[in-house]
Amino acid sequence: MFDNYEIWWVTGAQLLYGGDAVVQVDGHSKQMVAGLNESGNIPVKIVYKGTANSSKEVEEVMLAANNDSKCIGIITWMHTFSPAKMWIKGLQSLKKPLLHFHTQFNQEIPWSTMDMDFMNLNQSAHGDIEFGHICTRMRIPRKVVVGYWKSAEAQKQIAVWARAAAGRADAHDVRCLMFGMNMNNVAVTDGDRVEFEQRLGYHVDYYPVSSLMDYFRKVTDAETDALVEEYKKLYTIKIDESGEQVYWEKVRNSAKAEIAIRRVLKDEGATAFTTNFDDLGGADIDAPDFLGFDQIPGLASQRLMQEGIGFGAEGDWKTACLYRTLWVMNQGLAKGCSFLEDYTLNFDAKQTSSLQSHMLEICPLIASDKPKLEVHFLGIGIRKQQTARLVFTSKTGFGIKATIVDLGNRFRLITSEVDCIEPKPMPKLPVASALWVPQPSFEIGAGAWILAGGTHHSAFSYDITAEYWEDFAEMAGIECISIDKNTTISGFKQQLRNNEVYYMLNKALM
Numbered sequence: 002m003f004d005n006y007e008i009w010w011v012t013g014a015q016l017l018y019g020g021d022a023v024v025q026v027d028g029h030s031k032q033m034v035a036g037l038n039e040s041g042n043i044p045v046k047i048v049y050k051g052t053a054n055s056s057k058e059v060e061e062v063m064l065a066a067n068n069d070s071k072c073i074g075i076i077t078w079m080h081t082f083s084p085a086k087m088w089i090k091g092l093q094s095l096k097k098p099l100l101h102f103h104t105q106f107n108q109e110i111p112w113s114t115m116d117m118d119f120m121n122l123n124q125s126a127h128g129d130i131e132f133g134h135i136c137t138r139m140r141i142p143r144k145v146v147v148g149y150w151k152s153a154e155a156q157k158q159i160a161v162w163a164r165a166a167a168g169r170a171d172a173h174d175v176r177c178l179m180f181g182m183n184m185n186n187v188a189v190t191d192g193d194r195v196e197f198e199q200r201l202g203y204h205v206d207y208y209p210v211s212s213l214m215d216y217f218r219k220v221t222d223a224e225t226d227a228l229v230e231e232y233k234k235l236y237t238i239k240i241d242e243s244g245e246q247v248y249w250e251k252v253r254n255s256a257k258a259e260i261a262i263r264r265v266l267k268d269e270g271a272t273a274f275t276t277n278f279d280d281l282g283g284a285d286i287d288a289p290d291f292l293g294f295d296q297i298p299g300l301a302s303q304r305l306m307q308e309g310i311g312f313g314a315e316g317d318w319k320t321a322c323l324y325r326t327l328w329v330m331n332q333g334l335a336k337g338c339s340f341l342e343d344y345t346l347n348f349d350a351k352q353t354s355s356l357q358s359h360m361l362e363i364c365p366l367i368a369s370d371k372p373k374l375e376v377h378f379l380g381i382g383i384r385k386q387q388t389a390r391l392v393f394t395s396k397t398g399f400g401i402k403a404t405i406v407d408l409g410n411r412f413r414l415i416t417s418e419v420d421c422i423e424p425k426p427m428p429k430l431p432v433a434s435a436l437w438v439p440q441p442s443f444e445i446g447a448g449a450w451i452l453a454g455g456t457h458h459s460a461f462s463y464d465i466t467a468e469y470w471e472d473f474a475e476m477a478g479i480e481c482i483s484i485d486k487n488t489t490i491s492g493f494k495q496q497l498r499n500n501e502v503y504y505m506l507n508k509a510l511m
């Protein structure tokens, strides 16, 4: 995924100090870019694009970045004093995310040899402040990273931004197919799909379930058998009350559904989809000419999420798109991510928690152990049938959930820190699940989520922190609200009020 992208590094300089000085600036910049790439801490390759010494040179590199599909963002650094007026036209033109790195080639001042020539050449403290001023005056959204370029902490912040930039770039290429619409009368899964694409880049289309059934009908027995054999290798086979005959029938039909959905997504160039358990093709499952899914395609959804296909249940296209972005940002990190839903609460005097699950569709990337492939009766939706699914419990540890809501005048990205804990055995609940405690406490974390207008669906990760989502939201130009260990209800309410005023005034001034 990240091999397809580049981040461009542009060093600010000028010709006031002569050509020899610019040669030194260029040499230092090359060493720094090489060092960052060799550090192993930044997942996207940084490409040095030279020094910018005039307004024309700045504008040319910014326009080139806009037109290069591999470039997902620009890192700027002012090695020496770079007069900020020469950056105006370039910054006006720039359409890619911007990171301003306030650093310096040398780590320490060379006390015993310091002279005016050295100080004039190495004046990032001067140049970066000048550049920062013009960005602020022009209201340019950007991330500012401050620190020595060899420090792991500074590199980590750049890496966070780089992953967010990759997610942002991928969002512009995401097409989400809705197999059926969102559930009737549900507000939180609905919204303005046109504005969603304008703001975030995601393109969402309805796709007729009848057309999906055309693909389903063409899946061969040989293809189905081959996929079932793959299931046998990957998962623990567990045949319970359904019996062996029904078990394998349902597993085979789930495999057919997976093959059909994969082919539609590939042919349509889509990397996200939604389903609706009230729209599965065909009407009467007992009719002799029935053609439709005989069960919710939950197993297919679980497996496709694992491979990076965005998914949202009940037609939740916002979460489907957000999960795709989360998966992109999460590439190469250890613990995994998933679509999740708040289901039921456990009020406990010592540790109140919330059970996260769904009817079926939880990604096995977060599984603590090898998933079990089971078939059980599912009494919801148009198909009340024996249904195949992967069953597991999630890993324990720190995580963060995220969602996007449509508030009418803007989109709001909400994040919440949680601690995933070990659940008690649930032998009669044959679905994947996670049990977590919102931070700083259940009462405050859950209360703040509700006050912010959060959804019951979320995109969850153990590896991605609020910083990733804040960077992503800034790149997209949308609101971001974070709930963490320092949140208080009174302070959170005030933040919501302040934000409401800000966005109302901002819209009035546009």
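Here the sequence shown is numbered in this note's numbering, starting from 2 and rising by one per residue. Where a beta carbon is used, it is the ideal one built from N, C-alpha and C, also for glycine.
In this structure, the straight-line span from the alpha carbon of Ala314 to that of Phe278 is close to 8 Å. Collapsing the DSSP output to three states places Trp437 in a strand. Between the region 69 to 84 and the region 94 to 105, the count of C-beta pairs closer than 8 Å reaches three or more; the two stretches touch. Around the beta carbon of Phe119, a 10 Å sphere encloses fewer than 16 other beta carbons of the protein chains shown; the residue is thus reported as exposed. Non-local beta-carbon contacts of Asp191 in its own chain, meaning distances under 7 Å to residues more than five positions away in sequence, involve Asn183 in chain order. Gln156 is not a Cβ neighbour of Asn54, given a cutoff of 8 Å. As the crow flies, the alpha-carbon of Ser83 is around 17 Å from that of Ile75.
The shortest CA-to-CA distance from Arg263 to any of Leu300, Ala368, His134 is the one to Leu300. The DSSP-derived three-state label of Cys177 is strand. According to DSSP, residue pairing for Ile76 in a beta bridge involves Trp10, Leu100. Taking the Cβ atoms as the reference, Gly311 lies roughly 6 Å from Cys177, within the contact range of under 8 Å. Under the DSSP assignment, Tyr324 falls in the alpha helix (DSSP H) whose first and last residues are 318 to 330. In the DSSP annotation of this structure, Asn183 is not part of any alpha helix (DSSP H), being labelled neither H nor E.
Excluding sequence positions up to five before and after Lys508, its CB lies within less than 7 Å of the CB of Asn410, all in the same chain and listed in chain order. With fewer than 16 other beta carbons inside 10 angstroms of its own, Thr221 counts as exposed.
As the crow flies, the alpha-carbon of Ile490 is around 10 Å from that of Gln496.
Look at Arg411 here: in three-state DSSP terms it is coil, with no helix or strand label.
In the three-state reduction of the DSSP assignment, Asp279 falls in the coil class, being assigned neither a helical nor a strand state. The bridge partners DSSP lists for Ala273 are Cys177, Gly311. For Tyr248, the CB contacts under 6 Å within the same chain, skipping 5 residues up- and downstream, are Ile240, Val376 in chain order.
Straight-line spacing of the CA atoms in Glu61 and Lys257 works out to 52 Å. If the five residues before and after Glu131 are omitted, its C-beta is found closer than 6 Å to the C-beta atoms of Ala85, all from its own chain and listed in chain order. A straight-line Cα-Cα distance of about 16 Å links Lys385 and Val252. Just so you know, the alpha carbons of Ile297 and Thr388 end up roughly 7 Å apart.
Counting along the chain, the unbroken beta strand (DSSP E) around Asp206 starts and ends at 204 to 208. Counting every other CB atom within 10 Å of its CB across the protein chains shown gives Thr114 a total below 16, marking it as exposed. By the neighbour-count criterion, in which a residue is buried when 16 or more other Cβ atoms sit within 10 angstroms of its Cβ, Leu327 is buried.
A buried status is given to Met179, since no fewer than 16 other beta-carbon atoms sit within 10 Å of its beta-carbon. In its chain, beyond the 5 residues on either side, Ala314, Gln357, Ser358, His359, His457, His458, Ser459 have a beta carbon closer than 8 Å to the beta carbon of Glu342. Residue pairing by DSSP places His458 opposite Glu342 in a beta bridge.
For the pair Cys338 and Leu366, the CB atoms are nearer than the 8 Å cut-off. At a Cβ-Cβ threshold of 8 Å, Leu414 and Trp470 count as neighbours. Of the residues assessed, Asn185 falls on the exposed side of the cut-off, its CB having fewer than 16 other CB atoms within 10 angstroms.
With a threshold of 16 other beta carbon atoms within 10 Å, Leu235 falls short and is exposed. Nearest neighbour of Val265 by Cα position, chosen from Val229, Glu308, Val210, turns out to be Val210. Contact between Gly282 and Leu213 holds: their C-beta atoms lie close to 7 Å from each other, under 8 Å.
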